[in-house]
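In terms of mature numbering (1 follows the signal peptide of the UniProt record, and there is no 0), the sequence shown is residues -28 to -1, 1 to 599.
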Amino acid sequence: MKEARYKILFFFVAFMALLSLYSCSNQTATMQDEGVKYLIGVSQPNLNEPWRVVLNDEIKRDAGAYPDLRVIFTDGGNDSKQQEEDLHKLIGYGIDLLIISLDDPILLTPTITEIYEKIPVIVLGRGVTGYDYTLYIGTDNRLIGSKAAGYAKQLLEAGDNRIVEILGLKGSPTVDERSEGFREALTDRKDIVIAESLYADWQRDKSEDLLLKTLEKDTDIDLIFAHNDAMALGASIALKKKGLTDVKIIGVDGVKGENGGLNLVKDSTLTGTFTSPTGGGEAIRYAVDILNKEKGIPKKIILRSHPITIDNVHEFGERESSTQNKPVRQITEAAPIKIGFAQVGLESGWRLAHTNSVIHAAKEEGIELLYDNALQQQDKQIESIRKFIAMKVDFIVFSPLVKTGWDVVLGEAKQAGIPVILSDREVKVSDDSLWTAYIGSDFVEEGRRAARWLTQEMAGSSEQVSIVELQGTKDSDPAVGRKVGFEEIIQDEPGYRIVQSLQGDFTLENGKQLMLEALGQHGKDIDVVYSHNDDMALGAIQAIEQYGLKPGKDIKIISVDATRAALKALGTGKLNFVVECNPLLGPQLMKAVKDYMAGKELPMKIITSEGVFTQDTAKRALARREY
């Protein structure tokens, strides 16, 4: 009897396997019959959060514009293991591209890395660790945290104020960044303390349960900051159960729908929220470009977050419901788009390539470009911007010399109604609405990539690795970011030490001078030079040779930019590793300007896709190098 049951079970399993194979092959045949060219898989960790439902809706809506596209959706049901299984199933279905949003980057990053080796991967909303993806679309989570703190400070009068922070999944980069931004921005208010931090894994019910337990011990709470609107809603339910009606609640997401942030602010369940756009529509549009092998695909798209309060919720809801873009003005041959371009200077080969790229792209697009060279002087850049304001240009583009000192002149541009694009360098201002978009590199990530290579290359060394750092222009965005990223990685490596960090200006002559100074103090004890750009690295090579040592052998040299001159030095063994920083930003700049003039909202940041080069890969890259 038992044997008969086993036979029946065997034939049933075999039949189901054959049926599954038939279904997959039949699906492929049907897709071919229907003219479907590409199959995209969308993996979600759950569909409980309104934000995720809106994400799927936006993907479906925009995918409908492409008749040769088919999309398959999966729902992990709040189980990261299930989402991991879903990913393997999607690969088994033969998808051409994966779009994924995840809750648990620690568990899923290795799987995503494995998939990325086979097909393109677009990550939405909550990021993965590392750089193994094709494109990331999300928000600046540190900035959202900082903005939430700014709003909290407005809401809380001076006195003893206690905040409960309700966070998503522990260890998630999104959670860490939002929390760090929130806490850093509160440091100037000593009367505000974060009394409790609760990890509710993005879930409404868990947020409610955890807050109820907290309130059993202590009901002295003035404000709650929840990392998403679902957890904020859970917190509001817990507060109502305890009869607490005066506690202010700030959320994040701001989507439409019954339990979305827009409605929760409208009915005063939440005091306010900050939008976290899903990026679903952008994901489909970029997916099509990626699959069609279009050039110029960025590495990251950072979408702008907006505050929603009772004062603007109705206006914001109307704007969200509008499906038509209204052009800024009519563009004609007689009245073309006019851009004022205030370049920082021509301090390096990289900067010359960047300038030429912008000039050439403007000419190609029929855009009138007014160009000023500030000769590495902030006063001259400010003077140029004011001149462009007086000329009533449509757009101002500039590469800021340093991060600070721009509030006044950018305020003047905003008052004149002239949008500003930051090209390749960011600014630090009190109000991020003073600029419209940033297009360029992730300088912190460049520093990280340089340090990761070094720690892998020198792994196993029993002796201390002594590093000399050649920094770029003081307080400039590349210098600050590349230093922060490099130190972030090596601080966890006890065998690595920066013995001297010298302030430079990105020029070859200065790099040589600084390296001679370092050699005079440390001589042969220097193991590694980390230069913030190629020109200073090339100057360091000259200094090392003048000192009687062999660059690339006696002293390893790491640089950033990947110009032709640096790749040549890499190919001859005088440089060891170069992180790319792409100067050819002109085409993306012009596309952004045209999109804005057509009435589209620009992403807050467009981060370019960049590679890395070793001595083994330098010669191949050199043949294709344009700068």
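Beta carbons: idealized from backbone N, C-alpha and C, even for Gly.
As the structure is a computational prediction, the values presented were derived from the model and not from experiment.
Check	Outcome
Residue range of the unbroken beta strand (DSSP E) whose run includes serine 356	Here serine 356 belongs to no beta strand (DSSP E); instead the alpha helix (DSSP H) covers 350 to 362.
Secondary structure of arginine 161, DSSP reduced to three states	coil
Residues that DSSP places opposite glycine 312 in a beta bridge	Leu342, Ile368
Asparagine 113 (DSSP reduced to helix, strand or coil)	helix
Contacting residues, own chain, Cβ-Cβ under 6 Å from threonine 186 (five flanking each side not counted)	Glu168
Where serine 52 falls: helix, strand or coil (DSSP)	helix
Cβ-Cβ distance between isoleucine 91 and leucine 69 below 8 Å	yes
Residue span of the alpha helix (DSSP H) that contains valine 330, given as start and end	321 to 336
Alanine 590: first and last residue of the uninterrupted alpha helix (DSSP H) it sits in	590 to 594
Identity of the residues DSSP links to lysine 272 by a beta bridge	Tyr108, Ile579
Proline 450 versus aspartate 344: straight-line alpha-carbon distance, rounded	21 Å
Coil, strand or helix - asparagine -3 by DSSP	Caution is warranted here: a pLDDT of 41 is assigned to asparagine -3, below 50, making its placement in the model unreliable, and no coordinate value can be reported.
Rounded straight-line distance, which links the Cα of glutamine 443 to that of valine 392	28 Å
Between the CA atoms of serine 402 and valine 550 - distance to the nearest angstrom	34 Å
Whole-Å CB distance - glutamate 21 paired with alanine 202, under 8 Å assumed	5 Å
Opening and closing residue of the alpha helix (DSSP H) in which glutamate 441 lies	Taken as a continuous stretch (DSSP letters only), glutamate 441 belongs to no alpha helix (DSSP H), being part of the beta strand (DSSP E) at 437 to 443.
Secondary structure of isoleucine 193, DSSP reduced to three states	coil
DSSP-derived helix/strand/coil call for arginine 420	helix
Segment contact flag, the segment 498 to 513 with the segment 431 to 443, C-beta cutoff 8 Å, min 3 pairs	yes
Pair within 8 Å by beta-carbon distance, tyrosine 599 and glycine 321	yes
Touch test, the segment 206 to 213 against the segment 111 to 127, Cβ-Cβ under 8 Å, three pairs minimum	no
Residue closest to glycine 253, alpha-carbon to alpha-carbon, out of Lys572, Thr589, Leu318, Thr580	Lys572
Rounded straight-line distance, which links the Cα of isoleucine 282 to that of tyrosine 38	38 Å
contact_flag[the segment 60 to 77, the segment 254 to 265] where n(CB pairs < 8 Å) is 3 or more	yes
With 16 other Cβ atoms within 10 Å as the buried cut-off, status of lysine 272	buried
Sheet register partners of alanine 409 (DSSP bridge)	Ile393
CA nearest to the CA of glutamate 384, picked from Ser371, Ala362, Ile303	Ala362
Alpha carbon of serine 473 to alpha carbon of isoleucine 529, nearest angstrom	14 Å
Rounded separation between proline 249 and tyrosine 103 - CA only	22 Å
CB contact flag (leucine 242, glycine 229, <8 Å)	no
Residue interval of the beta strand (DSSP E) (run including valine 550)	549 to 552
Distance between beta carbons of valine 584 and glutamate 552, contact taken as under 8 Å	6 Å
Contact check, glutamine 436 vs serine 371, beta carbons under 8 Å	no
Simplified DSSP state of glutamate 156, which is helix, strand or coil	helix
Leucine 183 vs valine 136 beta-carbon contact at 8 Å	yes
Secondary structure of aspartate 173, DSSP reduced to three states	coil
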